[in-house]
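Undergrad:
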Ligand SMILES: Nc1nc2c(ncn2[C@@H]2O[C@H](COP(=O)(O)OP(=O)(O)OP(=O)(O)O)[C@@H](O)[C@H]2O)c(=O)[nH]1
Ligand SMILES: [Mg+2]
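Residue numbers (the numbering used here): 3 to 484.
1. Is any heavy atom of ligand 1 found at a distance shorter than 7 Å from the C-beta of residue 409?
2. Tell me whether the region 35 to 51 and the region 136 to 143 touch, counting them as touching only if at least three CB pairs, one residue from each stretch, are closer than 8 Å.
3. Does the distance between the C-beta of residue 137 and the nearest non-hydrogen atom of ligand 1 fall short of 7 Å?
4. Taking three-plus beta-carbon pairs below 8 Å as touching, is the region 264 to 279 in contact with the region 385 to 398?
5. Taking only three categories from DSSP, how would you classify residue 57?
6. Leaving out five residues on either side along the sequence, give the residues of the same chain with a beta carbon under 7 Å from the beta carbon of residue 222.
7. Taking the C-alpha atoms as reference points, what is the distance between residue 256 and residue 459?
8. If contact is defined by three or more beta carbon pairs under 8 Å, each pair taking one atom from either stretch, is the region 233 to 240 in contact with the region 441 to 450?
9. Determine the direct distance from the alpha carbon of residue 280 to that of residue 352, and round the result to whole angstroms.
10. Under a Cβ-count criterion, where at least 16 other Cβ atoms within 10 Å of its own Cβ denotes burial, should residue 62 be classed as buried or exposed?
11. Taking residue 374 as part of the beta strand (DSSP E), name the residues at either end of that continuous run.
12. Excluding sequence positions up to five away, which residues of its chain have a Cβ less than 8 Å from the Cβ of residue 212?
13. CA-CA distance, residue 141 and residue 154?
14. Label residue 209 either buried or exposed according to how many other C-beta atoms from any shown protein chain fall within 10 Å of its C-beta, with 16 as the threshold for buried.
15. Where does residue 219 land, buried or exposed, given buried means 16+ other C-beta within 10 angstroms?
16. Quick check: the region 72 to 86 against the region 16 to 35, are there 3 or more CB pairs under 8 Å?
17. Have a look at 170, 169, 177 and flag the residue whose alpha-carbon is nearest the alpha-carbon of residue 151.
18. Looking at the unbroken alpha helix (DSSP H) that takes in residue 213, where does it start and where does it end?
19. Please determine if the region 9 to 18 and the region 107 to 116 are in contact, where contact requires at least 3 C-beta pairs separated by less than 8 Å.
20. Identify the residues that DSSP records as bridge partners of residue 500: which are they?
21. Closest to residue 461 by C-alpha separation, out of 406, 391, 472, 405, would be which residue?
22. Only counting the same chain, and skipping five residues up and downstream in sequence, which positions put a Cβ closer than 8 Å to that of residue 321?
23. Can you find a heavy atom of ligand 1 that lies under 7 Å from the Cβ of residue 66?
24. What is the rounded straight-line gap between the Cα of residue 172 and the Cα of residue 403?
25. Per DSSP, what kind of secondary structure is residue 15 in: helix, strand or coil?
26. Tell whether a beta-carbon distance below 8 Å holds between residue 11 and residue 118.
27. Per DSSP, residue 10 forms a beta bridge with which residues?
28. Considering residue 145, what are the terminal residues of the alpha helix (DSSP H) in which it resides?
29. Cβ of residue 155 within 7 Å of any heavy atom in ligand 1?
30. Just to confirm the assignment, what range does the beta strand (DSSP E) spanning residue 121 have?
31. Using only alpha-carbon positions, find the residue among 375, 8, 287 that is nearest to residue 199.
32. Between which two residues does the beta strand (DSSP E) holding residue 238 run?
33. From the DSSP secondary-structure annotation, give me the bridge partner or partners of residue 173.
34. Does DSSP put residue 287 in a helix, in a strand, or in coil?
35. Can you determine whether any heavy atom of ligand 2 sits closer than 7 Å to the C-beta of residue 43, and answer yes or no?
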C-alpha cells in the first residue's frame with residue numbers, strides 16, 4: 003500500500019448519514035453534492051484543500067455501504083493475505099452491480115487513505131452499523147468516527163460512544179451544518195491521534211490551516227479599512243452654473259454618495275464571501291437579521307453603531323462626535339441635524355438615533371466649497387464609521403459561521419451567531435478602541451489621496467484583533483468525553 007506525501011481521508015459510512023456534508027465543511031468546498039435522497043454519491047470523488055497554491059490535504063467522498071452484512075461475511079471468510087484483502091474483495095465483486103458502491107468506497111484504501119466514518123448520532127444504532135464498523139476494524143486502517151447529528155437529539159449518543167470504543171482510535175462530535183472554523187481545526191488536530199506515522203504531516207496541515215485563516219482575516223481587515231476610507235473620506239464636488247438648480251445639484255451629489263456607499267458595501271461583502279470560499283450558494287441572511295435592513299434605514303441606525311448614551315452621557319468618544327458637529331456648525335454648512343451645537347446638546351439622544359435620516363433625507367445635500375462649487379463629503383458623523391463596521395462585522399460572522407456542508411437554511415437552528423438579530427459589536431468596545439476609531443476618523447477629515455495612509459495602521463491592527471475574537475471566541479468542545 004502506497005501512501006502519498008499528502009494525507010488523504012476517505013469519508014465513509016452508511017448512505018444518507020451526512021458524509022458528503024461533513025466533507026464539504028471540512029474541505030470548505032461548496033461544490034460537493036449533498037442530497038436528501040440516500041444513495042446520491044455513487045462514485046468516489048477527491049477534493050483537495052489547496053493553501054497558497056499547494057495541496058495540503060485531500061478528502062475523498064465515497065458512496066455509502068450497499069451490502070455491509072455480505073461484505074463482512076466475505077471478509078470474515080477471507081483466507082488470503084491481509085495485504086491483498088481490499089484488492090481481492092474488489093476483484094471478486096467488481097462485475098457485480100449490487101456491490102458497485104461497496105467496491106467504490108474501498109478504493110481509496112488501496113492508496114493508503116485514512117478513514118473518517120460518519121454516522122448520524124441522532125438515531126439509534128442498528129446491526130448494519132455494527133457490521134460496517136466491524137468491516138473497518140478488520141481492514142485495520144487508521145480510522146476515526148465522526149458523530150454528525152442531523153437532529154437535535156442526544157439520547158443515543160452514549161450508545162454510539164460505547165460501540166465506537168470497540169473499533170475506533172478516536173471519536174468526535176462534529177456538526178457538518180454548524181461547525182465553525184475552530185471546530186474544523188480541532189477535528190483536524192484530533193485526526194493526528196489516529197495514526198502516529200502521519201502526525202508530523204498533519205501538524206503541518208493544521209498549521210497551514212491556521213496561517214491561511216490568519217491571512218484571510220488580514221485581507222478582511224484591509225477590505226474594511228478600504229471601505230471606511232472610501233466611504234467616510236468620500237469627497238465629490240460639482241460646479242454650480244449661474245442658471246442651474248442648486249437644490250437639484252445637491253440632491254444629485256447626495257444620491258451619488260448614497261449609491262456609492264451601498265455599492266461599496268456590497269462589493270466588500272462579495273469579496274468576503276469569496277475569501278471564505280462560498281462560491282456557489284448565497285448564504286442567505288436570517289429573515290430577521292438587521293442586515294436585511296438598508297444601510298440608511300432608521301432601524302439600522304437604531305440598533306447598530308454606538309448608542310446615544312455612549313456618545314453623550316458616557317462620553318465614550320471624548321468629544322469626537324461633538325467636535326465634528328462644531329466644525330460643521332461653525333462653518334455654517336448645511337449638515338442637517340448637526341446644523342447647530344444647541345440641537346446636538348439639547349436633543350443629543352434622539353438626534354443620534356436619527357442618523358439614518360441625516361444621510362438619507364434631504365439634509366445631506368452638500369455644501370458650498372466656494373461660490374461656484376458644491377461639495378459632498380467628507381462625512382462628519384463618526385456614527386457612520388460604527389454603523390458600517392457593525393454591518394461588515396455581522397456579515398463576517400455570518401459568513402464564517404456558515405458551514406460549507408449546509409444547504410437548506412430553513413431547517414437550521416442557528417445557535418452560534420449571538421449577534422445575528424440584535425446589536426452590533428462596536429457597542430461593547432472599550433474606550434481605547436473608540437479612541438483608535440476617533441483618531442482614524444479625525445485623520446480622514448484632512449487626508450488627501452496623495453498621502454501615505456499611515457493613520458490607518460492602528461485601526462487595521464484593531465480590526466485584525468476584532469476578527470480574531472469573532473472567529474475564535476465561540477469555542478465549542480467537540481470531543482465525545484468518556
Ligand atoms: N439538519 C441537518 N441535516 C444534515 C446534516 N448533515 C447532513 N444533513 C442532511 O442529510 C442529507 C444527506 O446528507 P449527505 O451529506 O448527502 O449524506 P451522504 O451520507 O453523503 O449520503 P449518500 O451520498 O447518499 O450516501 C442532506 O439532505 C443533508 O442536508 C446535519 O448535520 N444537520
Ligand atoms: Mg454523499
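Every residue gets a Cβ at the ideal spot worked out from N, C-alpha and C, and that includes glycine.
TA: Taking the structure as given:
1. Residue 409 Cβ: within cutoff of ligand 1.
2. no
3. no
4. yes
5. strand
6. 274, 277, 398, 469
7. 30 Å
8. yes
9. Caution is warranted here: a pLDDT of 38 is assigned to residue 352, below 50, making its placement in the model unreliable, and the coordinate value is therefore given only provisionally. Between the alpha carbons of residue 352 and residue 280 lies a gap of roughly 40 Å.
10. buried
11. Taken as a continuous stretch (DSSP letters only), residue 374 belongs to no beta strand (DSSP E), as it is neither H nor E.
12. 187
13. In a straight line, the C-alpha of residue 141 is about 33 Å away from that of residue 154.
14. The residue is exposed, with fewer than 16 neighbouring Cβ atoms inside 10 Å.
15. buried
16. no
17. 177
18. 201 to 234
19. yes
20. The structure shown has nothing for residue 500, since the chain only spans 3 to 484.
21. Ranking 406, 391, 472, 405 by Cα distance to residue 461 puts 391 first.
22. Only weak support exists for where residue 321 lies, its pLDDT of 48 falling under 50; the coordinates are left without a value.
23. yes
24. 25 Å
25. strand
26. Their beta carbons are under 8 Å apart, which means residue 11 touches residue 118 by this criterion.
27. 60
28. Looking at the DSSP string, residue 145 is not in any alpha helix (DSSP H); the run it does join, the beta strand (DSSP E), is 145 to 149.
29. no
30. 116 to 121 is the extent of the beta strand (DSSP E) around residue 121.
31. 8
32. Per DSSP, residue 238 belongs to the beta strand (DSSP E) from 238 to 241.
33. 147
34. Coil.
35. yes
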